[in-house]
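Chemist: Numbering (our numbering), first residue to last: 1 to 289. Got a structure here, written out as structure tokens. Questions coming.
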């Protein structure tokens with residue numbers, strides 16, 4: 001399904017690899033999707049140096065040592081559980097990488113890069129929203145300078161929320177308040193895209209996907225499946241037809257029970273995915289490899 005011979009789409013990726021496995025899967029997809037111009041990657045939450053090292057190792061496995069990698073915010077804005085641990089780093093720590101990146105360069109990098117290419121760049125956010133909240137607060141014009149803002153986050157068909165939004169709840173609220181246009185691929189949709197360990201092992205056994213399998217095996221110590229949350233958010237940039245959508249307004253509210261993400265159809269600059277075609281999504285994902 002991947003398109004060849006067409007214009008490439010400039011992408012900045014803000015991510016938190018190493019806690020769940022799906023960030024790494026999304027990065028691998030972007031590195032191989034022929035329409036993707038991956039400009040750079042920023043990491044967020046917890047040990048951002050280890051998360052940046054994971055990005056470096058995956059990029060190296062795919063022959064893309066040219067991709068800039070920047071460490072972002074490690075702490076939450078004002079409360080929230082955060083995400084200090086990076087368990088999957090240990091599974092690939094033996095592979096070549098560096099740990100001496102400067103700290104807290106992500107926001108400046110995002111700002112300068114977006115301003116250098118106004119109206120061109122799509123920002124894909126697949127981690128907690130701390131970097132984005134700081135970026136939008138420091139430079140409120142940034143959301144208007146993006147071509148698109150795609151987020152894996154929220155949950156819109158049931159009570160409760162989703163981890164990226166919950167991890168730094170005040171950052172989630174601040175990001176939504178400042179984003180005039182934003183597409184959300186929420187938990188209620190991504191949960192349909194799952195794969196059992198046996199199938200994962202079969203599909204990821206050969207290079208360069210085998211580096212992801214090392215991380216997946218660490219994931220399977222605590223889980224009995226992989227859910228392709230973040231890869232779906234990445235894929236709809238290039239193939240929006242994989243999902244159906246509803247336009248309206250997304251809000252995030254702090255309640256006595258915690259953070260709630262809510263969607264009201266109708267007027268508003270936001271869009272949420274409401275349904276996904278699972279088989280075509282997996283065809284697209286594995287087709288790029």
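From the three backbone atoms N, C-alpha and C, an ideal C-beta is built for every residue, glycine too. For clarity, every value in this text was computed on a predicted model and none was experimentally measured.
Buried or exposed: where does residue 81 fall if 16 or more other Cβ atoms within 10 Å of its Cβ makes it buried?
Modeler: Within the chain shown, numbered from 1, the residue matching residue 81 stands at position 81. Result: exposed.
Chemist: For residue 291 and residue 85, I'd like the C-alpha separation in whole angstroms.
Modeler: This structure gives no information on residue 291, because the portion of the chain shown stretches from 1 to 289.
Chemist: Indicate the three-state DSSP secondary structure (helix, strand or coil) for residue 116 in the structure shown.
Modeler: In the chain shown, residue 116 corresponds to position 116, counting from 1. Residue state, collapsed to three classes: helix.
Chemist: What residues match up with residue 123 in a beta bridge as DSSP calls it?
Modeler: Sequence index remark: in the chain shown, residue 123 carries index 123 (1-based). Partner(s): 12 and 149.
Chemist: Can you grab the Cα-Cα spacing for the pair residue 280 / residue 286, in whole Å?
Modeler: Mapped onto the chain shown, residue 280 falls at position 280. Mapped onto the chain shown, residue 286 falls at position 286. Those two C-alpha atoms are separated by around 10 Å.
Chemist: Does the segment 111 to 120 come into contact with the segment 85 to 100, if we say contact requires no fewer than three beta-carbon pairs (one atom in each stretch) closer than 8 Å?
Modeler: No, the segment 111 to 120 does not touch the segment 85 to 100.
Chemist: Shortest alpha-carbon distance to residue 161 belongs to which of 266, 262 and 277?
Modeler: Within the chain shown, numbered from 1, the residue matching residue 161 stands at position 161. Ranking the options by Cα distance to residue 161, first place goes to 262.
Chemist: Can you check whether the CB of residue 239 is closer than 8 Å to the CB of residue 284?
Modeler: Residue 284 sits at position 284 when you count from the first residue of the chain shown. Residue 239 sits at position 239 when you count from the first residue of the chain shown. Taking 8 Å as the Cβ cut-off, residue 284 and residue 239 qualify as a contacting pair.
Chemist: What ranges does the alpha helix (DSSP H) occupy inside the segment 46 to 93, keeping only unbroken runs of at least 4 residues that lie completely in it?
Modeler: Listed in chain order, they are 48 to 61 and 89 to 92.
Chemist: Can you give, in chain order, each stretch of the alpha helix (DSSP H) that sits fully within the segment 18 to 48 and has at least 4 residues?
Modeler: Correct list: 22 to 32.
Chemist: In the DSSP assignment, what residue or residues form a beta bridge with residue 262?
Modeler: Along the chain shown, read from residue 1 onward, the residue named residue 262 stands at position 262. The partner list for residue 262 (beta bridge, DSSP) reads 251.
Chemist: Among the residues of its own chain, which have a CB less than 7 Å from the CB of residue 155, if the five just before and after it don't count?
Modeler: On the chain shown, residue 155 is found 155 positions in, with the first residue counted as 1. Hits under 7 Å: 161, 162, 186, 187, 188 and 261.
Chemist: Assuming residue 59 contacts residue 31 (C-beta within less than 8 Å), just tell me the rounded distance between them.
Modeler: For the purposes of this step, residue 59 is identified with residue 59 of the chain shown, where counting begins at 1. For the purposes of this step, residue 31 is identified with residue 31 of the chain shown, where counting begins at 1. About 7 Å; that satisfies the 8 Å criterion.
Chemist: Taking the continuous beta strand (DSSP E) assigned at residue 185, which residues delimit it?
Modeler: Mapped onto the chain shown, residue 185 falls at position 185. Where residue 185 is concerned, the enclosing beta strand (DSSP E) stretches over 182 to 185.
Chemist: Residue 73 to residue 19, Cα distance in whole Å?
Modeler: Taking the chain shown and counting its residues from 1, one reaches residue 73 at position 73. Taking the chain shown and counting its residues from 1, one reaches residue 19 at position 19. Distance between the alpha carbons of residue 73 and residue 19: 16 Å.
Chemist: As a quick exercise: from 98, 103 and 265, pick the residue whose alpha carbon is nearest that of residue 248.
Modeler: Residue mapping note: residue 248 aligns to position 248 of the chain shown, counting from 1. The option with the nearest alpha carbon to residue 248 is 265.
Chemist: In angstroms with no decimal places, state the Cα-to-Cα distance between residue 17 and residue 198.
Modeler: In the chain shown, residue 17 corresponds to position 17, counting from 1. In the chain shown, residue 198 corresponds to position 198, counting from 1. Using only the alpha carbons, I get a separation of about 22 Å.
Chemist: What number of angstroms, rounded off, separates the C-alpha of residue 5 from the C-alpha of residue 259?
Modeler: As a first step, residue 5 is located in the chain shown; it is residue number 5 there, counting from the start. As a first step, residue 259 is located in the chain shown; it is residue number 259 there, counting from the start. Unreliable positioning characterises residue 5 in this predicted model, as indicated by a pLDDT of 47, which lies under 50. The coordinate reading is nonetheless provided below. If you take the alpha carbons of residue 5 and residue 259, they lie about 43 Å apart.
Chemist: If you draw a straight line from the alpha carbon of residue 90 to that of residue 50, how long is it in whole angstroms?
Modeler: One-based indexing of the chain shown puts residue 90 at position 90. One-based indexing of the chain shown puts residue 50 at position 50. Using only the alpha carbons, I get a separation of about 9 Å.
Chemist: Secondary structure at residue 278, three-state DSSP: helix, strand or coil?
Modeler: Here residue 278 is taken as the residue at index 278 of the chain shown, counted from 1. Residue 278: helix per DSSP, three-state reduction.
Chemist: Report the three-state DSSP secondary structure of residue 97 (helix, strand or coil).
Modeler: As a first step, residue 97 is located in the chain shown; it is residue number 97 there, counting from the start. Here residue 97 sits in coil by DSSP.
Chemist: Quick check on DSSP: helix, strand or coil for residue 306?
Modeler: Here the chain covers residues 1 to 289 and nothing more, so residue 306 does not appear.
Chemist: Any idea what DSSP makes of residue 227, helix, strand or coil?
Modeler: Locating residue 227 in the chain shown gives position 227, counting from the first residue. Looking at residue 227 - three-state DSSP - the assignment turns out to be strand.
Chemist: How would you call residue 255, buried or exposed, if buried means at least 16 neighbouring beta carbons within 10 angstroms?
Modeler: By 1-based counting over the chain shown, the position of residue 255 is 255. Residue 255 comes out exposed.
Chemist: Of all the options 202, 53, 148 and 180, which has the alpha carbon lying nearest to the alpha carbon of residue 10?
Modeler: As a first step, residue 10 must be located in the chain shown, where it is residue number 10. That would be 148, whose Cα lies nearest to the Cα of residue 10.
Chemist: The alpha helix (DSSP H) that contains residue 172, what's its start and end?
Modeler: Sequence index remark: in the chain shown, residue 172 carries index 172 (1-based). 169 to 178 is the extent of the alpha helix (DSSP H) around residue 172.
Chemist: Could you round the C-beta distance between residue 176 and residue 251 to whole angstroms and report it? I think they count as a contact, below 8 Å.
Modeler: As a working note, residue 176 is residue 176 in the chain shown. As a working note, residue 251 is residue 251 in the chain shown. Sure, about 6 Å apart at Cβ, within 8 Å.
Chemist: Is the beta carbon of residue 212 closer than 8 Å to that of residue 38?
Modeler: In the chain shown, the residue the question calls residue 38 occupies position 38. In the chain shown, the residue the question calls residue 212 occupies position 212. No, the Cβ-Cβ distance between residue 38 and residue 212 is not below 8 Å.
Chemist: Assuming contact is defined by CB atoms lying nearer than 8 Å, are residue 136 and residue 209 in contact in what I supplied?
Modeler: As a first step, residue 136 is located in the chain shown; it is residue number 136 there, counting from the start. As a first step, residue 209 is located in the chain shown; it is residue number 209 there, counting from the start. Not in contact: residue 136 and residue 209 (Cβ atoms no closer than 8 Å).
Chemist: Of all the options 273, 253 and 67, which has the alpha carbon lying nearest to the alpha carbon of residue 182?
Modeler: As a working note, residue 182 is residue 182 in the chain shown. The residue with the shortest Cα to Cα distance from residue 182 is 273.
Chemist: Could you tell me the distance, in whole angstroms, from the CA atom of residue 192 to the CA atom of residue 225?
Modeler: By one-based count along the chain shown, residue 192 stands at place 192. By one-based count along the chain shown, residue 225 stands at place 225. Computed Cα separation, rounded: 12 Å.
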